[in-house]
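In my numbering, the protein residues as written are 130 to 503. These notes concern the structure reproduced below.
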Ligand SMILES: Cc1cc2nc3c(=O)[nH]c(=O)nc-3n(C[C@H](O)[C@H](O)[C@H](O)COP(=O)(O)O)c2cc1C
């Protein structure tokens, strides 16, 4: 790739200068310890990701409350006792000259507990989640703010709120999931209230100078759900809050397995058109797009065509942690592609086993297979 490429041009996000347009979007792997603390494996993994040449690593989702854990091996940020481990993680990424954000999340009706909280008691599998009271909503907003404060105290350069994949923030905006009759349900304004209040509470807690990004669900890809036309309006509302970026994605845990999504997901740059819709809806907020961006040429054309400002790599970077250096021509070897019909990493995390990439050399796969979890 030529030196004057957009992919390798810097960009300013709030107070931060990103050396290039390549970011890692969050990729939950279940590499944390069972108690949600930072493990040796997670440090090793993020060191490798930080050495990749990407300018920003957004670390996978960390739970803001015990009731919002997505799995038993999710990172936790719901107590000050987690700050020491998270500081080590931020430092590990910084030591490679790379910026680090941590994503914070409440899984809501997708949480790893039979006592799930949600905007409304809409059945998920065999479980009927509990409709959140107004007090529980207030407590959850405060828990997001406290978690963001811990992210800042841990030394991360910014915090990302997980408004994607159908987790709690996006459950509130969904007319399919949110059937409330109070100020948090019904009209679009009411459904948007929970994420908007959460962003404001987080910003109040960490200060307006501290970058707060948002993982943004552009479409649930399900019938009678949250779609791109409403997402464009939400994006405009979030932009008014001076968010650091919107990291656009589509689909939830319920759409992930349906055939049209499975087919779409195999295509290179499959989420870029949604990112473009959101980019056109906002005026100044930087947009990240991810979704099987396998080739530097694909990434470059997204930037040149103005469909997004930043490229997000998740499985792609996991498959080939040298992707950015190879794209820049610093390493003269072919990029190892993520196999579109594999999904081993996703299936493995769903099953609760430790994932590796099937494209890795045998000794690297073996190092994961022989790793003893704490
Ligand atoms: C195993 C797995 C775990 C993921 N974990 C997260 C997560 O914690 N937070 C998040 O916002 N997105 C998560 N994602 C979505 C990715 O950030 C990304 O949007 C998606 O995988 C498409 O990009 P890719 O084709 O480069 O993987 C995850 C995806 C996979 C496959």
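Where a beta carbon is used, it is the ideal one built from N, C-alpha and C, also for glycine.
Cβ contact annotation for residue 260 (same chain, cutoff 6 Å, sequence separation greater than five): 249, 250, in chain order. A distance below 8 Å separates the beta carbons of residue 363 and residue 321. Across the structure, residue 283 and residue 220 are spaced so that their CA atoms are roughly 9 Å apart.
Relative to residue 470, the option among 177, 394, 424 whose CA is nearest is 394. Between the beta-carbon of residue 190 and that of residue 356 there is about 24 Å, and that puts the pair past the 8 Å contact cut.
Comparing alpha carbon positions, the residue from 378, 462, 457 closest to residue 156 is 378. In the three-state reduction of the DSSP assignment, residue 141 falls in the strand class, which pools E and B.
Rounded to the nearest angstrom, the gap between the Cα atoms of residue 147 and residue 255 is 45 Å.
The criterion of a C-beta distance shorter than 8 Å is satisfied by residue 376 and residue 441. Taking a cut-off of 8 Å on C-beta distances, the stretch 407–415 does not touch the stretch 445–455, as fewer than three cross pairs fall below it. Setting aside the 5 residues that flank it on each side, residue 423 is surrounded in the same chain by 397, 445, 464, 466, 467, each with a C-beta closer than 8 Å to its C-beta; the list follows chain order. Cβ neighbours of residue 485 within its own chain (closer than 6 Å, five residues either side excluded): 494, 497.
Burial state of residue 408 is buried, judged by a 10 Å Cβ sphere holding 16 or more other Cβ atoms. With a threshold of 16 other beta carbon atoms within 10 Å, residue 333 falls short and is exposed. With at least 16 other beta carbons inside 10 angstroms of its own, residue 232 counts as buried.
Pairwise C-beta distances place the stretch 186–203 in contact with the stretch 260–273, as three or more of them are shorter than 8 Å. Three or more Cβ pairs closer than 8 Å define a contact, and the stretch 152–166 falls short of that threshold against the stretch 448–459. Taking C-alpha positions only, residue 275 is separated from residue 490 by approximately 41 Å. In the three-state DSSP reduction, residue 259 falls in the strand class (E or B).
In chain order, 321, 325 place their CB closer than 7 Å to the CB of residue 366, counting only its own chain and leaving out the 5 sequence neighbours on each side. The alpha helix (DSSP H) runs of length 4 or more contained entirely in the stretch 189–257 are, from start to end of the chain, 212–223.
Between the stretch 213–229 and the stretch 285–301, the count of Cβ pairs shorter than 8 Å is three or higher; the stretches touch. Judged by the Cβ position, residue 383 fails to qualify as a neighbour of ligand 1 at the 7 Å threshold, every heavy atom of the ligand being at least this far.
In this structure, DSSP gives residue 285 a state outside helix and strand, which the three-state scheme calls coil. Assignment of residue 430 by DSSP, reduced to helix, strand and coil, places it in the helix class. Exclusion of the five residues before and after residue 142 leaves 340, 373, 374, 415 as the residues of its chain whose Cβ lies within less than 7 Å of its Cβ. DSSP places residue 187 within a strand segment (E or B) once states are collapsed to three. For residue 485, the secondary structure class from DSSP, reduced to helix, strand or coil, is coil.
As for any alpha helix (DSSP H) of minimum length 4 sitting wholly inside the stretch 275–319, the runs are 297–302, ordered along the chain. For residue 381 against residue 349, the beta-carbon gap comes to about 5 Å, under 8 Å, which counts as contact. Using a 10 angstroms sphere on the CB of residue 263, the tally of other CB atoms stays under 16, which defines it as exposed. Put simply, of 133, 482, 149 the residue whose alpha carbon is nearest the alpha carbon of residue 139 is 149.
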